[in-house]
Every structure is written in structure tokens, then in C-alpha cells.
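Residue numbers (our numbering): 657 to 949.
Quick reminder that beta carbons are idealized off the backbone N, C-alpha and C, glycines included.
These notes concern the structure reproduced below.
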């Protein structure tokens with residue numbers, strides 16, 4: 657199970673990938689996984705592709721491939737806002753059939769054109785349901801260092817996070833952020849609230865200015881001056897932006913590791929080149945036997 661990885665004192669290093677779009681080719685996932693496999697992440701998470709996607713490459717199938725073919729631990733995302741209990745039962749059974757025993761439980765984005773189902777209004781409801789009905793499944797959750805965009809305040813969001821952990825979340829992965837100081841402040845607040853499960857820092861390399869602007873609009877991450885200068889100077893030069901974004905992510909990860917974070921979750925955006933550059937640069941830092949602060 658994923659929570660066991662955090663018991664040996666090493667900084668856990670994991671990747672996130674996403675299924676191909678419904679009109680995409682399944683071969684793209686194999687290309688991504690082939691490019692990541694020899695980097696030996698501690699686990700790979702697979703985002704939720706409701707209803708399957710290209711060539712039936714749904715989340716549970718890809719997660720199963722990661723375990724069986726690539727012999728790497730995996731965690732499958734599962735959203736609930738548009739699901740009934742029967743839908744969740746069916747999804748969990750599909751995960752079991754693919755030998756996937758780790759789930760990242762999420763509410764999911766609300767589509768204004770679709771009326772949400774009533775069974776699981778919050779991620780904590782999904783977590784509680786899984787823990788009470790599937791004792792063989794390990795459940796993780798998401799957290800938001802600068803607060804969820806729908807929360808009135810960070811304090812309110814941390815109260816909701818406590819509910820999520822009390823419901824059974826054994827491990828948390830953070831939303832992306834670009835200001836390590838904001839993450840450290842968040843950790844102080846959640847630990848003070850008695851939230852003591854392992855928390856991984858979510859890092860997204862800024863390799864494309866337009867892509868990162870879209871992500872920031874969705875998640876509300878703040879932009880440190882150092883970061884805004886990077887985009888302003890290199891945003892129109894694709895190669896320079898890629899290399900500068902990789903360097904910024906490496907700098908973030910080294911600082912986080914030096915401060916003893918539980919783990920790093922790298923949002924790879926299915927880009928093995930970027931993941932490789934970062935992994936090779938931080939490998940010795942993350943694998944250091946020096947005791948955490």
C-alpha cells in the first residue's frame with residue numbers, strides 16, 4: 657500500500673500521468689510509460705478517465721498495466737460528484753480486477769451543465785464510503801496549500817481537510833504550487849490541526865507559458881515574483897521556457913527535500929523528457945540517507 661512507502665524515512669518521489677483523450681491513441685500511454693519506467697518512481701498516479709477513453713484505456717486499465725507490465729506501484733484517481741453508490745461499487749470492482757488497491761478519492765469538478773448526483777457531495781463522503789465497504793483498499797486524498805478555489809478561506813479548507821482525514825484518508829497529495837513558503841505555512845497549519853498523515857508536495861514544471869496560465873486560472877496558485885519574471889522573460893521562447901521551467905521545478909524540489917517534506921509528486925503532463933531531466937537532477941538529493949529535519 658502507498659502509505660507504507662513513507663515509513664522508511666526516504667523522501668517519496670512519485671509521478672502523475674493521465675489517460676489519452678477519447679480521440680487519442682492508446683499508443684501514447686505506452687510511449688509515456690516506456691519513457692518513465694526506468695526512472696523508478698515510488699509510484700505513479702493515474703487521473704480519472706470516466707467512461708474510458710481511447711481504445712478503452714480507462715483509469716483502472718492503465719493502472720493495471722503499470723502494475724503488471726512495468727512492475728511499479730500505482731494509485732488510481734476516482735471522482736464521485738457524478739457517481740451513485742452503484743457507480744462507485746462498479747469502479748472499485750474494476751480496480752480490484754486490475755489488482756489496483758490504492759485509490760485517490762476526489763470530488764471532481766462540477767460541470768455546470770450536469771446536475772451532480774446526491775450520494776457523494778464531498779470527497780470525504782467518498783472516502784468514508786470506501787473505508788466502510790472496502791477494507792482491502794488504501795485511500796488517499798488531495799489537499800490545497802493555498803486553499804481550494806471554492807473555499808472562503810484557507811482555514812475553512814483545512815477544517816474540511818481534517819474531516820477528510822478523519823474519514824480515513826491515509827496520505828495526501830497537494831495541488832500544484834510555485835511558492836514553497838506557502839507550502840511550509842500550510843504544513844504548519846495542518847499539523848497544528850492534528851493532521852499527521854504523510855503529505856506529498858505537488859510540483860508541476862512550467863514548460864509552456866499558456867498551459868501554466870490555464871492551470872493557474874483553474875487552481876488559483878499564487879505566482880512568486882521569481883516565477884512571473886521567468887514567464888515574462890522566456891514565455892515566448894519555447895525551448896528557453898522549457899529549460900527555465902525545469903530548472904525552477906528542480907530548485908523547488910531540492911528546497912523541499914532539504915526541509916524534510918514527506919514526498920514529491922511530479923505532475924509529468926505525460927512528458928517523459930521533462931520528468932527525466934528533473935528526476936536525474938534530484939535523484940541523489942531524494943535518495944540521501946541523511947535523516948530528515
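- Task: Could you please give me the residues that DSSP links to residue 702 through a beta bridge?
- Result: According to DSSP, which records beta bridges pairwise, residue 702 is partnered with 673, 732.
- Message: For a quick check, are the C-beta atoms of residue 668 and residue 918 less than 9 Å apart?
- Response: The criterion of a C-beta distance shorter than 9 Å is satisfied by residue 668 and residue 918.
- Item | residue 704, buried or exposed, once every other Cβ within 10 Å from all chains shown has been counted against 16 | Burial of residue 704 is indicated by the presence of at least 16 other C-beta atoms within 10 angstroms of its C-beta.
- Message: Can you look up residue 798 in the DSSP assignment and give me helix, strand or coil?
- Response: Reduced to three states, the DSSP call for residue 798 is strand.
- May I ask you to list the residues that DSSP assigns as paired with residue 832? Beta-bridge pairing links residue 832 to 858.
- Message: Runs of 4 residues minimum, wholly inside the segment 760–797: which ones carry the alpha helix (DSSP H) assignment?
- Response: Within the segment 760–797, the complete alpha helix (DSSP H) runs of at least 4 residues are 779–789.
- Have a look at residue 950 and residue 671 and give me their C-alpha separation to the nearest angstrom. Residue 950 is absent from the structure shown; the chain starts at 657 and stops at 949.
- Enclosing alpha helix (DSSP H) for residue 686 [first to last residue]: First-last of the alpha helix (DSSP H) with residue 686: 683–693.
- Look at the alpha carbon of residue 766 and the alpha carbon of residue 658, and state the distance between them as a whole number of angstroms. The alpha-carbon atoms of residue 766 and residue 658 are separated by roughly 28 Å.
- Message: Tell me the rounded alpha-carbon separation between residue 696 and residue 666.
- Response: If I take the Cα positions, the gap works out to 14 Å.
- Message: Going by DSSP in three states, residue 716 sits in which element: helix, strand or coil?
- Response: Helix at residue 716.
- Query: How about the segment 729–740 and the segment 749–764: do they share at least three Cβ pairs that are nearer than 8 Å?
  - Reply: They touch, by the three-pair rule.
- Within 10 angstroms of its Cβ, does residue 904 collect 16 or more other Cβ (buried), or is it exposed? Taking all protein chains shown into account, residue 904 has 16 or more neighbouring C-beta atoms within 10 Å of its C-beta and is therefore buried.
- Indicate whether at least one CB of chain D lies closer than 9 Å to the CB of residue 769. Among the chains of the structure shown, chain D does not appear; only one protein chain is present.
- Message: Suppose the cutoff is 6 Å on Cβ atoms and the five residues either side in sequence are ignored; what does the same chain contact list for residue 780 look like?
- Response: Closer than 6 Å at the Cβ level, and outside the excluded window around residue 780, lie 819, 820, 823.
- Message: Within 10 Å of its beta-carbon, does residue 867 have 16 or more other beta-carbons around it, so buried, or fewer, so exposed?
- Response: It is exposed - the Cβ of residue 867 has fewer than 16 other Cβ atoms within 10 Å.
- Message: On a Cα-Cα basis, can you pick out the residue from 693, 699, 674 that is closest to residue 660?
- Response: Nearest C-alpha to residue 660: 699.
- Item | Local Cβ density within 10 Å of residue 874, reported as buried at 16 or more and exposed below that | With fewer than 16 other Cβ atoms within 10 Å, it is exposed.
- If we count Cβ pairs, one from each stretch, closer than 8 Å, do we get three or more for the segment 825–835 versus the segment 795–803? Yes: the two stretches touch, three or more of their Cβ pairs being nearer than 8 Å.
- Please list, in chain order, all residues of the same chain as residue 883 whose beta carbon is under 6 Å from its beta carbon, the five residues on each side excluded. Correct list, in chain order: 834.
- Under the three-state DSSP convention, the category residue 879 falls into: Residue state, collapsed to three classes: coil.
- Item | Continuous alpha helix (DSSP H) assignments of at least 4 residues falling wholly in the segment 909–945 | Runs found: 928–942.
- Determine the contact status of residue 830 and residue 855, defining contact as a CB-CB distance below 9 Å. Contact flag set, yes.
- Among 928, 938, 940, 944, which residue has its Cα nearest to the Cα of residue 691? With distances taken between Cα atoms, residue 691 lies closest to 928.
- Exposed or buried, residue 878, counting other C-beta atoms within 10 Å across all chains shown (16 or more means buried)? Counting the other Cβ atoms within 10 Å of the Cβ of residue 878 gives fewer than 16, which makes it exposed.
- Message: In the DSSP assignment, the alpha helix (DSSP H) including residue 816 goes from what residue to what residue?
- Response: For residue 816, the enclosing alpha helix (DSSP H) has its first and last residue at 810–822.
- Message: Short of 8 Å in beta carbon distance, which residues of its chain neighbour residue 783, apart from the five on each side in sequence? Order them along the chain.
- Response: Taken in chain order, the residues that qualify are 761, 795, 797, 820, 823, 824, 825.
- Task: Check the DSSP bridge columns for residue 758 and list the partner residues they point to.
- Result: Paired residues: 794.
- Message: Can you list, in chain order, the residues of its chain with a C-beta nearer than 7 Å to that of residue 865? Leave out the 5 residues immediately preceding and following it.
- Response: Within its own chain, the residues whose Cβ lies closer than 7 Å to the Cβ of residue 865, once the five positions on either side in sequence are excluded, are 887, 891, 897, listed in chain order.
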